[in-house]
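Going down the list, the sequences are from chains W and Y. Mapping to this note's numbering: the first sequence position 211 is 211, numbers consecutive. Whatever position you read off the second sequence (first residue = 1), add 1000 for this note's numbering. Don't be surprised by glycine CBs; every beta carbon is placed ideally from N, CA and C.
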Amino acid sequence: MTKQQARFEPYDFNGGTCVAIAGADYCVVAADTRMSTGYNILTRDYSKIYKLADKCMMASSGFQADVRALQKVLGAKHLIYQHQHNKQMSCPAMARLLSNTLYYKRFFPYYTFNVLAGFDEEGKGCVYTYDAVGSYEKVGYSAQGSGAKLIMPVLDNQLKSPSPLLLPAQDAVTPLSEAEAIDVVKDVFASATERDIYTGDKLEIVILNVDGIRREYAELRKD
Amino acid sequence: MESNSETKQHTLLSSESGIQRTQYPYVTGSSVVALKYKDGILMAADMGGSYGSTLRYKSLERIKPVGKHSIIGASGEISDFQEIMRYLDDQVLNDNMWDDGNSLGPKEIHSYLTRVMYNRRNKFDPLWNTLILGGVKKGQKFLGMVTMIGVNFEENHIATGFGNHMAQPLLRAEWHENLTFEEGVTLLEKCMRVLLYRDRSAVNKFQVLLLFPINLMRLMCYGMRLLGNFLLLLRYSLREPLDYAFSSPLLNCHCFQNLDNNVIAKITEEGVTISQPYALKTFWGFKAFENPTAGAEGSWVVGWRARKRDILKSPQL
């Protein structure tokens, strides 16, 4: 029996929660700004939201180094796309690109939990939700990360979206207004902060609508 | 659940390629602490290198200047830090060869280090370090950290290793924008002192990197002599209660050479200066340090000592 040594662990969990909500003509992406490792907090002010294209934002939680690498890889691929096609990538196209990028590393995954938010070809809000190896789905709203399981049921309850189980399939975009959706987001994060140790410090909310991109911040509990 | 799949992944990869790379560190440095102050960055580290539980090396420089605008401090495997310095030297050399009036700033070097650490982690051959990168360029202060698996961030005050547990609470309580140099040094020394008391791999020999105007290179030491032993004697004899406000050698420029070595680094717009090694004045008369097992009467530790005493006294031996 070989002696047990401290083995090199290539992954770390840096925590955090991300939420995205799609409306008829707006899209809200929110993430907390806490970065942790084990039981320590590394920093209280780290943004998890990244702008991939004019109409597409990505929020990712999980292992921060993989998140950063993923952001850079997608950014580079988008730049090449822009050079080749003389236009920005649409959100559905970016969604597929992210899925493929994640699956490319299927046997040494990017330990990231992503939500993509933006506008689809018709100008309606769309949200895509992912797991670590690239399975994705277009939804009306989603939460990912350490507080996701605390948040998702509340979103199901509060957003008044049509049920995803209905047939014929209805678009799951929320009928709430932008201000109402932002309120729901703030409430939902305040609740998640109470019970999830990895969520807290500050909430960064990015709102995409016809006027452009807007950023808001809200304080969360720091314990 | 996740750790299960990860361990499976490890064994899968190890048996596949027969990994021959280092998977654990040998000679390690302990914490580095750094903070932003009004004019730039202050960074402090002790000069010890442990070989497991032996304090083998006592004069390792764990803070080094990089290019014109940055300083890097490393904890973890020392040989990997030396390797990183080689990579950085190559980068700085190439940058200089462009001769275009621009030079690598701290943000660029931080980004480069992140990529290096992350890519080595991807190959399962990590550089076993946690690095702190600080610098000033065009008035912009920068302070960032990179861990051995590529996790990186910027902050106003950073500590690695044990410093994260012991120095960060002090920094979080007392750091504020526009710390003066004296306040910064006092705060850093407070952190290093706590680490010295409680981190068994710390050595009382620190490096303090300073930036002075007019390009004072670190070879020009400012005739410092550490007030160590004399003052200590005086304090014990006077039985004064001491607070943390020991005067720093950097502030009053009086210190005697001591075997204990601490070094603090400072970097501002003008440049980097690394102090000569000096020792922090320490006070060991805290109630908590005297008779530490007083509260543990009857515990097996205290009991064991008593039993050992009895055994040695017994007539059978």
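Best match in the options for proximity to residue i [C-alpha to C-alpha]
i: W/V206; options: W/A59, W/P10, W/T174; result: W/A59
i: W/K222; options: W/V28, W/A24, W/L42; result: W/L42
i: W/A132; options: W/V184, W/G118, W/D25, W/F113; result: W/F113
i: W/T199; options: W/A172, W/T174, W/I151; result: W/I151
i: Y/I1274; options: Y/T1282, Y/F1283, Y/W1284, Y/V1263; result: Y/V1263
i: W/L155; options: W/L208, W/S177, W/R215, W/V185; result: W/V185
i: W/E137; options: W/R96, W/H83, W/P168; result: W/R96
i: W/N157; options: W/P168, W/A181, W/D54, W/C27; result: W/A181
i: Y/I1078; options: Y/K1123, Y/I1063, Y/R1198; result: Y/I1063
i: W/V28; options: W/A169, W/V139, W/G118; result: W/G118
i: Y/I1041; options: Y/I1109, Y/T1186, Y/V1272; result: Y/V1272
i: Y/I1109; options: Y/M1145, Y/K1138, Y/F1286; result: Y/M1145
i: W/A148; options: W/R195, W/F8, W/R214, W/M57; result: W/R195
Reduced DSSP secondary structure (H/G/I, E/B, other) of residue i
i: Y/H1069; result: coil
i: W/V133; result: coil
i: W/I182; result: helix
i: W/E121; result: coil
i: W/M89; result: coil
i: Y/N1102; result: coil
i: Y/I1149; result: coil
i: W/D156; result: helix
i: W/G200; result: coil
i: W/P10; result: coil
i: W/A53; result: strand
i: W/L98; result: helix
i: Y/N1122; result: helix
i: W/Q144; result: strand
i: Y/T1273; result: strand
i: Y/N1096; result: helix
i: Y/S1194; result: The identity of residue 1194 of chain Y in the sequence shown is Val, whereas the question assumes Ser. Here Y/V1194 sits in helix by DSSP.
i: W/V67; result: helix
i: W/Y81; result: helix
i: Y/R1056; result: strand
Residues bridged to residue i [DSSP beta-bridge criterion]
i: Y/Q1082; result: Answer is none; Y/Q1082 lacks a bridge partner.
i: W/R215; result: W/V206
i: W/Y128; result: W/L116, W/K138
i: Y/A1034; result: Y/M1043, Y/I1158
i: Y/N1262; result: Y/D1046, Y/Y1278
i: Y/D1199; result: For Y/D1199, which the question treats as bridged, DSSP gives no partner whatsoever.
i: W/S60; result: W/N114
i: Y/F1142; result: Y/G1135
i: W/Y26; result: W/N209
i: W/D32; result: W/L203
i: Y/S1075; result: Y/T1130
i: Y/Y1087; result: Paired residues: none, contrary to the question.
Proximity below 8 Å, CB of residue i to CB of residue j
i: W/Y141; j: W/A20; result: yes
i: Y/S1030; j: Y/G1048; result: yes
i: Y/G1184; j: Y/L1035; result: yes
i: Y/L1280; j: Y/M1192; result: yes
i: Y/V1136; j: Y/H1069; result: yes
i: Y/G1134; j: Y/L1143; result: yes
i: W/C91; j: W/S61; result: no
i: Y/V1033; j: Y/L1196; result: no
i: Y/G1076; j: Y/M1148; result: yes
i: Y/G1067; j: Y/V1092; result: yes
i: W/D183; j: W/D32; result: no
i: W/L70; j: W/Y110; result: yes
i: W/G134; j: W/Y103; result: yes
i: Y/W1175; j: Y/N1156; result: yes
i: Y/L1179; j: Y/Y1037; result: yes
i: W/A22; j: W/V173; result: yes
i: Y/P1126; j: W/F8; result: yes
Interface flag, residue i vs chain W, CB-CB below 8 Å
i: Y/F1162; result: no
i: Y/R1121; result: yes
i: Y/L1211; result: For Y/L1211, the predicted structure reports a pLDDT of 41, less than 50, and the residue's modelled location is therefore unreliable. A value from the coordinates is still provided. No, Y/L1211 lies away from the interface with chain W (no Cβ there is under 8 Å from its Cβ).
i: Y/N1204; result: no
i: Y/S1177; result: Inspection of the sequence shows that residue 1177 of chain Y is occupied by Glu rather than by Ser. Answer no: the Cβ-Cβ gap between Y/E1177 and chain W never drops below 8 Å.
i: Y/Q1023; result: yes
i: Y/P1126; result: yes
Residue-level contact to chain Y via CB, residue i, 8 Å cutoff
i: W/L97; result: no
i: W/F8; result: yes
i: W/Y46; result: yes
i: W/T43; result: yes
i: W/N14; result: yes
i: W/N40; result: yes
i: W/Q64; result: yes
i: W/A76; result: no
i: W/A260; result: With chain W represented from 1 up to 223, any question about residue 260 of chain W goes unanswered, as that position is not in the structure.
beta-carbon residue i near the ligand GDP non-hydrogen atom, thresh 7 Å
i: W/L159; result: The ligand GDP is not among the ligands present in this structure, which contains no ligands whatsoever.
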